[in-house]
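Student: Residue 43 is where the sequence shown starts when you use the working numbering, and the numbers rise one by one after that. Structure incoming, see below.
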Amino acid sequence: MHTPHHWTTTPITPDLLRGALDLERTEHGVLPHRLPARARAQCADPQLAMAESQPSGVRLALRTRASTIELDTLPTKRVYRGAPPRPDGVYDLLVDGRLIDQASVGDGNTVTIDLATGTAQHQPGPIGTVRFTGLADRVKDVEIWLPHNETTELVALRTDAPVEAAPRGERRVWLHHGSSISHGSDAASPTTTWPARAASLGGVELVNLGLGGSALLDPFTARAMRDTPADLISVKIGINLVNADLMRLRAFGPAVHGFLDTIREGHPTAPLLVVSPLYCPIHEDTPGPGAFDLSALSAGELRFRATGDPDERAAGKLTLTVIREELARIVRQRAAQDPGLSYLDGLDLYGEADFAELPLPDQLHPDAATHHRIGERFAGLVFEDEGPFCAPGA
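See the structure below:
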């Protein structure tokens, strides 16, 4: 360990962070949040609390000559009893926009979840350190992307040269909301989630409000989006409403209208894209609720299944097919008065043919290769070729 005079310790303040909407002081340091405190106070759901505190898309953005960077963190890791162990979260290091290193913290808190009973046990653990060395001895812009799937308290930032906040530059800000698939599900690292990949290809700054299990048309999420500065906005709606069996068709349409109305209060003319669900066979025509497949779990595999009855669609239960039809209708109706509003069919990002080639390993979430494909497709359809987010003059 270097002696203290070799190091510059820099307080972690909001100006050093991108992609977080709030920074909470904790016993150990600071905790980035992707929903503001007011939104968090309006919902006591543990799933939402876990999802919004997992820093998908959140990164430290620094300008420095440092050749060595140390970051002390306290992650919270999930362990599913009976299922294969999850890999440690990954920290991606980018220098001047290029990925040059990765690291993980093996220590930290653990939450052990019993999927059969729904209970969880919390075990405190020690702070760990990620260390990046051998960086070029010149002024450079450095980003450390935090693990997209681990709640991560930031404890200390040490460097062998002073740091300052990287300038924000001219890039447009893309604000996106969606489910665990947008959150990152089983992507390999934080810069390879499909939204991060699409943002890189599109040359934009990402604010990712993909919230695992929590894309539920919550009014507080719409208000958070309304109040967040952004140039481009997208909402991916559907899968969580089905697998949570949260509402019926009668409630769904007005809820979508209300969500979009709230966003438009803060962003009246920004390009606003509504994205319907990706292909997911278990819920295409079968309503929720979704559930863990306990027979698979007994064999050490994590899989999901649909428990609804297709005949219940007549009573207004939602399926992915129903949601795609309704979203397309709503966007057509609103676009007559809102020229900045557009629609993207999720099947154009990942459809039946893609499932045959790259199946969903747990029947619900895409793997790393599929995240790459979805990100490439989204960039091509949305940021290029006169897509809804195409840069002016491009």
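Positions of the beta carbon are idealized from the N, C-alpha and C atoms, including for glycine.
May I have the straight-line CA-CA distance separating residue 113 from residue 184, to the nearest angstrom?
Tutor: Residue mapping note: residue 113 aligns to position 71 of the sequence shown, counting from 1. Residue mapping note: residue 184 aligns to position 142 of the sequence shown, counting from 1. If you take the alpha carbons of residue 113 and residue 184, they lie about 13 Å apart.
Student: Tell me which same chain residues have a C-beta within less than 7 Å of the C-beta of residue 93, skipping the five on either side of it?
Tutor: Translated into the one-based positions of the sequence shown, residue 93 becomes position 51. Excluding residues within five positions, the ones whose Cβ falls inside 7 Å are 225, 253, 254, 255, 256.
Student: Can you tell which of 384, 214, 341, 369 has its C-alpha closest to the C-alpha of residue 281?
Tutor: Numbered from 1 along the sequence shown, position 239 holds the residue referred to as residue 281. Comparing Cα positions, the closest option is 369.
Student: Just grab the DSSP bridge partners of residue 112 for me.
Tutor: Translated into positions along the sequence shown, residue 112 becomes position 70. Answer is 173, 200.
Student: Going by the CB atoms, is the gap between residue 314 and residue 382 shorter than 7 Å?
Tutor: Looking up residue 382 in the sequence shown gives position 340. Looking up residue 314 in the sequence shown gives position 272. Yes, Cβ-Cβ distance for residue 382 and residue 314 is below 7 Å.
Student: First and last residue of the alpha helix (DSSP H) that includes residue 413?
Tutor: Start at 1 with the first residue of the sequence shown, and residue 413 comes out as number 371. Run containing residue 413: 410-420, per the alpha helix (DSSP H) assignment.
Student: Please identify the residue among 355, 120, 67, 259 whose C-alpha is closest to the C-alpha of residue 330.
Tutor: Here the question's residue 330 lines up with position 288 in the sequence shown. The shortest Cα separation from residue 330 among 355, 120, 67, 259 belongs to 355.
Student: Using only the alpha-carbon positions, how far apart do residue 389 and residue 177 sit?
Tutor: Along the sequence shown, read from residue 1 onward, the residue named residue 389 stands at position 347. Along the sequence shown, read from residue 1 onward, the residue named residue 177 stands at position 135. Looking at the two C-alpha atoms, the distance is approximately 42 Å.
Student: For the beta strand (DSSP E) that contains residue 236, what are its first and last residues?
Tutor: Taking the first residue of the sequence shown as position 1, residue 236 is located at position 194. Per DSSP, residue 236 belongs to no beta strand (DSSP E); it is in the alpha helix (DSSP H), 236-244.
Student: Rounded to whole angstroms, how far is the Cβ of residue 60 from the Cβ of residue 101, which I believe are closer than 8 Å?
Tutor: In the sequence shown, residue 60 corresponds to position 18, counting from 1. In the sequence shown, residue 101 corresponds to position 59, counting from 1. The pair is a contact, with the Cβ atoms about 5 Å apart (cut-off 8 Å).
Student: Taking 7 Å as the cut-off, decide whether the C-beta atoms of residue 187 and residue 134 are in contact.
Tutor: Locating residue 187 in the sequence shown gives position 145, counting from the first residue. Locating residue 134 in the sequence shown gives position 92, counting from the first residue. In contact: residue 187 and residue 134 (Cβ atoms closer than 7 Å).
Student: Within a Cβ cutoff of 7 Å, which residues of the same chain sit near residue 391, ignoring the five residues on either side of it in sequence?
Tutor: In the sequence shown, counting from the first residue as 1, residue 391 sits at position 349. If we look at residue 391 and ignore the five residues flanking it on each side, its Cβ neighbours are 320, 416, 419, 420.
Student: Nearest-angstrom Cα distance between residue 123 and residue 238?
Tutor: Within the sequence shown, the letter at position 81 stands for residue 123. Within the sequence shown, the letter at position 196 stands for residue 238. Between residue 123 and residue 238, the C-alpha separation is close to 30 Å.
Student: Straight-line CA distance for residue 309 to residue 431?
Tutor: Taking the sequence shown and counting its residues from 1, one reaches residue 309 at position 267. Taking the sequence shown and counting its residues from 1, one reaches residue 431 at position 389. For the pair residue 309 and residue 431, the Cα-to-Cα distance works out to about 15 Å.
Student: Within the same chain, show all residues whose beta-carbon is closer than 6 Å to that of residue 151, passing over the 5 residues directly before and after it, in chain order.
Tutor: Counted from its first residue, the sequence shown places residue 151 at position 109. Here the set comprises 118, 166, 167.
Student: Three-state secondary structure (DSSP) at residue 191?
Tutor: As a working mapping, residue 191 is identified with position 149 in the sequence shown. In this structure, residue 191 counts as coil in the three-state DSSP scheme.
Student: On the DSSP letters alone, give me the boundaries of the alpha helix (DSSP H) that residue 94 sits inside.
Tutor: In the sequence shown, counting from the first residue as 1, residue 94 sits at position 52. First-last of the alpha helix (DSSP H) with residue 94: 88-95.
Student: Flag this pair as yes or no: are the beta carbons of residue 71 and residue 195 separated by less than 7 Å?
Tutor: Counting from 1 along the sequence shown, the entry for residue 71 is found at position 29. Counting from 1 along the sequence shown, the entry for residue 195 is found at position 153. It is a contact, given that the beta carbons lie within the stated cut-off.
Student: Going by DSSP, what residue range makes up the beta strand (DSSP E) through residue 389?
Tutor: Taking the first residue of the sequence shown as 1, we reach residue 389 at position 347. Unbroken run through residue 389: none, as it is neither H nor E.
Student: List in chain order: all unbroken alpha helix (DSSP H) runs of 4+ residues lying wholly within the region 47-89.
Tutor: 79-82
Student: Starting from the N-terminal side, write out each stretch of the alpha helix (DSSP H) that is 4 residues or longer and does not extend beyond the region 249-281.
Tutor: 261-268
Student: Helix, strand or coil for residue 304, going by three-state DSSP, please let me know.
Tutor: For the purposes of this step, residue 304 is identified with residue 262 of the sequence shown, where counting begins at 1. DSSP places residue 304 in helix when its eight states are reduced to three.
Student: Taking the alpha-carbon positions, what's the residue 140 to residue 326 distance?
Tutor: As a position in the sequence shown, residue 140 is number 98, starting the count at 1. As a position in the sequence shown, residue 326 is number 284, starting the count at 1. So the alpha carbons of these two residues sit roughly 38 Å apart.
Student: Could you work out which residue in 227, 107, 222, 66 is closest to residue 128 when comparing CA atoms only?
Tutor: By 1-based counting over the sequence shown, the position of residue 128 is 86. Looking at 227, 107, 222, 66, the one whose alpha-carbon comes closest to that of residue 128 is 227.
Student: Per DSSP, what are the beta-bridge partners of residue 384 in this structure?
Tutor: As a working mapping, residue 384 is identified with position 342 in the sequence shown. In DSSP, residue 384 forms a bridge with 315.
Student: Whose CA, out of 317, 175, 404, lies closest to the CA of residue 136?
Tutor: Sequence index remark: in the sequence shown, residue 136 carries index 94 (1-based). If we check each option's Cα against that of residue 136, 175 comes out closest.
Student: With DSSP run on the structure shown, which of helix, strand or coil describes residue 424?
Tutor: For the purposes of this step, residue 424 is taken as residue 382 along the sequence shown, with counting starting at 1. Here residue 424 sits in helix by DSSP.
Student: Start and end of the beta strand (DSSP E) containing residue 215?
Tutor: Looking up residue 215 in the sequence shown gives position 173. Counting along the chain, the beta strand (DSSP E) containing residue 215 begins and ends at 215-220.
Student: Where does residue 405 fall in DSSP's three states?
Tutor: If you number the sequence shown from 1, residue 405 lands on position 363. Here residue 405 sits in coil by DSSP.
Student: Assuming residue 293 contacts residue 203 under a Cβ cut-off of 8 Å, what Cβ separation, rounded to an integer in Å, is found between them?
Tutor: The count along the sequence shown starts at 1 and reaches residue 293 at position 251. The count along the sequence shown starts at 1 and reaches residue 203 at position 161. So it is not a contact: roughly 56 Å between Cβ atoms.
Student: Using a Cβ-Cβ cutoff of less than 8 Å, which residues in the same chain neighbour residue 374 once the five nearest sequence positions on both sides are dropped?
Tutor: In the sequence shown, the residue the question calls residue 374 occupies position 332. If we look at residue 374 and ignore the five residues flanking it on each side, its Cβ neighbours are 385.
Student: Report the rounded CA-to-CA distance for residue 364 versus residue 324, giving the unit in angstroms.
Tutor: As a working mapping, residue 364 is identified with position 322 in the sequence shown. As a working mapping, residue 324 is identified with position 282 in the sequence shown. The C-alpha of residue 324 is placed about 14 Å away from the C-alpha of residue 364.
Student: Check whether the region 144-160 touches the region 64-82, taking contact to mean three or more Cβ pairs, one atom from each stretch, closer than 8 Å.
Tutor: no
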